[in-house]
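Residue numbers (our numbering): 352 to 717.
This is the structure in structure tokens:
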């Protein structure tokens, strides 16, 4: 277990040891608090997310899942984990978890609230989202909660995808028993198949979320701001219109199919009326990202090749994950809290062992 000294900032106490100083609060929510600090070994300011996950099964699962995934990932457009600090003398007393990451200046949600962004910036941000998502999907992972506030941005317009607490392995046969409507993706960015079927979703749900984010960048308003489940589907069908017969076959739930049939008289709204300032190429890609039928929705790889992104597309610099996750690794939902604590502890021990080996190697080569 990592030993730590206490430092206080305003009302929060941070037990992160002697390596971090000059704390500044960045935000807080149900997950805990985020603050920045200076790593006095490098002089670099980092972000540190403090949570107390072991009191609740759901928070415990989310924290472990994020640590497990991000410790394996290494990509410019995905947030990193530089260190994990566990507070407590034993597994039984382990309480707080501190995740140390790169410090970014803002997120897309706050950026869109504060200013309009140019078409060039929209294109660059979309490219980076898709570049990061290509890596995520190549690892056999579905993010499941892509939204503007989970896209971190710095002053150089570099973008990183964050918050992998809801991520899952891509298993189209897994039955999610209705959990999706409650826990997957902030409602406004949910793909229709999440709400209409309880199983069979794929990487395409992330592509839908990217389409919603892309649209939002044009006019700084969410495309489908549903107030509840039914309203969300209604807004989607009012824009996309009644789907063709071949685009409805995937809806296996009879009640869901009956709901969609209520919109038989609805026609698709032209994208250029909704977003008159967007280029035809941008709207063509938007249309492909927001295909109602998940099987017809464009893949991340094909989206990166789209003419709209021609100025950024670089196939030799769009890496994939060298070590994808396997299905047997996805057993988080079945574990009790005490087992999850042990799994978390094991992951952090492996991280610290790698760090020690790297430090020893650096000393030998110096």
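Where a beta carbon is used, it is the ideal one built from N, C-alpha and C, also for glycine.
Excluding sequence positions up to five before and after residue 656, its CB lies within less than 7 Å of the CB of 664, all in the same chain and listed in chain order. As summarised for the stretch 574-605, the continuous alpha helix (DSSP H) elements at least 4 residues long and confined to that stretch are 580-591, given in chain order. Close CB contacts of residue 382 within its chain, under the 6 Å cut and outside five residues either way in sequence, are with 402 (chain order). Burial is judged here by how many other beta carbons sit within 10 angstroms of a residue's own beta carbon; residue 580 has fewer than 16 and is exposed.
For residue 423, there is no enclosing beta strand (DSSP E); the residue is found in the alpha helix (DSSP H) stretching over 408-423.
Under a 10 Å Cβ-count criterion, residue 564 is classified as buried, with 16 or more other Cβ atoms of the shown protein chains found around its own Cβ. Assignment of residue 668 by DSSP, reduced to helix, strand and coil, places it in the helix class. By the C-beta density criterion, residue 587 is buried, having at least 16 other C-beta atoms within 10 angstroms.
Residue 647 and residue 558 have their C-alpha atoms spaced approximately 11 Å apart. Your pair residue 430 and residue 511 checks out as a contact, with CB atoms roughly 5 Å apart and the cut at 8 Å. Counting along the chain, no alpha helix (DSSP H) covers residue 677, and no H or E run does either. Note that the C-beta distance between residue 426 and residue 483 is below 8 Å. For residue 371, DSSP records a beta bridge to 390. Between the alpha carbons of residue 651 and residue 443 lies a distance of about 43 Å.
Distances from the alpha-carbon of residue 596 to those of 582, 631, 643 and 637 put 643 closest. Its chain contains 435 and 437 as the residues whose beta carbon lies nearer than 7 Å to that of residue 699, once the 5 sequence neighbours on both sides are disregarded; these appear in chain order.
Excluding its 5 nearest sequence neighbours in each direction, residue 606 has no C-beta neighbour in its own chain below 8 Å. A distance of 8 Å or more separates the beta carbons of residue 409 and residue 448. Taking C-alpha positions only, residue 621 is separated from residue 568 by approximately 18 Å. Closest in C-alpha terms to residue 685, from the list 369, 412 and 390, comes 412. For residue 391 and residue 499, the gap between their C-alpha atoms comes out near 31 Å.
The beta carbon of residue 629 sits closer than 7 Å to the beta carbons of 569 from its chain, once the five residues preceding and following it are set aside; these are given in chain order.
When C-alpha distances from residue 506 are compared across 513, 458, 495 and 514, the shortest belongs to 458. Closest in C-alpha terms to residue 625, from the list 602, 572 and 608, comes 572. Its chain contains 405, 411, 442 and 445 as the residues whose beta carbon lies nearer than 8 Å to that of residue 692, once the 5 sequence neighbours on both sides are disregarded; these appear in chain order.
If one requires a minimum length of 4 residues, the alpha helix (DSSP H) runs lying completely within the stretch 628-658 are 631-640 and 651-655, in chain order. Counting only runs of 4 or more residues that sit fully inside the stretch 457-536, the alpha helix (DSSP H) segments are 459-465, 470-489 and 530-534, in chain order. With respect to the 8 Å criterion, residue 480 and residue 502 are classified as neighbours on the basis of their beta carbons. Look at residue 400 here: in three-state DSSP terms it is strand. Apart from sequence neighbours up to five positions away, the residues of its chain that approach residue 456 with a beta-carbon distance below 6 Å are 505 and 506, ordered along the chain.
For residue 684, no alpha helix (DSSP H) run applies, since DSSP gives it neither H nor E. Residue 583 and residue 592 have their C-alpha atoms spaced approximately 14 Å apart. Taking 8 Å as the cut-off, the Cβ atoms of residue 495 and residue 518 count as close. If the five residues before and after residue 649 are omitted, its C-beta is found closer than 8 Å to the C-beta atoms of 558, 636, 639, 640, 642 and 657, all from its own chain and listed in chain order. With fewer than 16 other Cβ atoms from the protein chains shown falling within 10 Å of its own Cβ, residue 609 counts as exposed. In the DSSP assignment, residue 625 falls within the alpha helix (DSSP H) that extends over 622-625.
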